[in-house]
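K.L.:
Anchor point for the sequence shown: position 160 equals 673 in the working numbering, and the numbering is continuous, going up by one each time.
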Amino acid sequence: MSDPISEPVSNPIVRTVASTQSEKTEIILPNDTNMLGNLLGGRLMHFIDLTGAMAAYRHARTYVVTAAMDHIDFIRPVRLGDLVTLKSSVNRAFTSSMEVGVKVWAENTRTGGVVHVASAYLVFVAIDEHGRLQKVPELLPETPDEIRRYADALLRRKHREAEGARRKKERLATAALDGEGAGNG
Ligand SMILES: CC(C)(COP(=O)(O)OP(=O)(O)OC[C@H]1O[C@@H](n2cnc3c(N)ncnc32)[C@H](O)[C@@H]1OP(=O)(O)O)[C@@H](O)C(=O)NCCC(=O)NCCS
């Protein structure tokens, strides 16, 4: 059985979405790109993970780990020399977990044109230095967009749980088949 969930002592009961908002800007260098001069997907995922974690840290004020990164849409390629800006905020807090949304834009440094290139949802889980789950403050959505994202985050959590249960069942079935195979070998 896992340890009971505790709460960092200094945390308030509720935090606003605005207090979690975070931002990061990177210049895309040759090391970040593929042979066509486009930003590597894995590099962008790394930036998304870091920017998402900033919002989660601001909400939880304790250690956080990435539990899931889902629903990434790579809408347009990012080119060598572009400036990439990522913005994140917590969409909803549950018990120890938080859903964070990250949106990414690329800016052409010569023309100044800015395009939306990617969006992603991540789940972070709050833990203490011993890896024990920590309760996070509730999240207060204030604007119409924040209220919509807050409602949608619950639907995505249900979808994630259903998909997680389906994959677990599949793993158990595969393990059982492998076990039969080993017995016959
Ligand atoms: C994330 C982790 C702490 C969850 O621990 P656990 O013992 O499985 O915890 P539980 O099943 O009790 O779930 C705890 C919370 O995490 C959430 N969670 C766990 N796995 C999840 C997943 N795959 N996706 C989304 N949420 C998840 C649960 O919904 C729960 O949220 P709640 O407290 O808000 O209701 C654990 O799986 C872990 O340490 N994973 C590795 C994290 C890591 O190293 N990340 C970097 C990747 S390289």
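Every residue gets a Cβ at the ideal spot worked out from N, C-alpha and C, and that includes glycine. From a predicted model like this one, the values you see are computed outputs, not experimental measurements.
1) By how many angstroms is the C-alpha of residue 585 removed from the C-alpha of residue 687?
2) With respect to 7 angstroms, is the separation between the Cβ of residue 617 and the closest non-hydrogen atom of ligand 1 below this value?
3) At a threshold of 7 angstroms, does residue 673 count as lining ligand 1 (C-beta to nearest heavy atom)?
4) If you check the beta carbons only, do residue 568 and residue 523 fall under 8 angstroms apart?
5) Does DSSP put residue 599 in a helix, in a strand, or in coil?
6) Excluding the 5 residues flanking residue 551 on each side, which residues of the same chain have their C-beta closer than 8 angstroms to its C-beta?
7) Could you pull out every residue in the same chain whose Cβ sits closer than 7 angstroms to the Cβ of residue 604, ignoring the five residues on either side in sequence?
8) Would DSSP call residue 604 helix, strand or coil?
9) Which residues have their C-beta within less than 5 angstroms of a heavy atom of ligand 1, listed in chain order?
10) Is residue 555 helix, strand or coil when you go by DSSP?
11) Could you tell me whether the segment 625-642 touches the segment 554-569, where touching means 3 or more Cβ pairs closer than 8 angstroms?
12) Work out the CA separation of residue 619 and residue 597 for me, nearest whole Å.
P.N.:
Straight from the coordinates:
1) 28 angstroms
2) no
3) yes
4) no
5) strand
6) 590, 591, 592 and 593
7) 612, 613, 614, 662, 663 and 666
8) strand
9) 578, 579, 580, 581, 607, 608, 609, 610, 636 and 638
10) helix
11) yes
12) 5 angstroms
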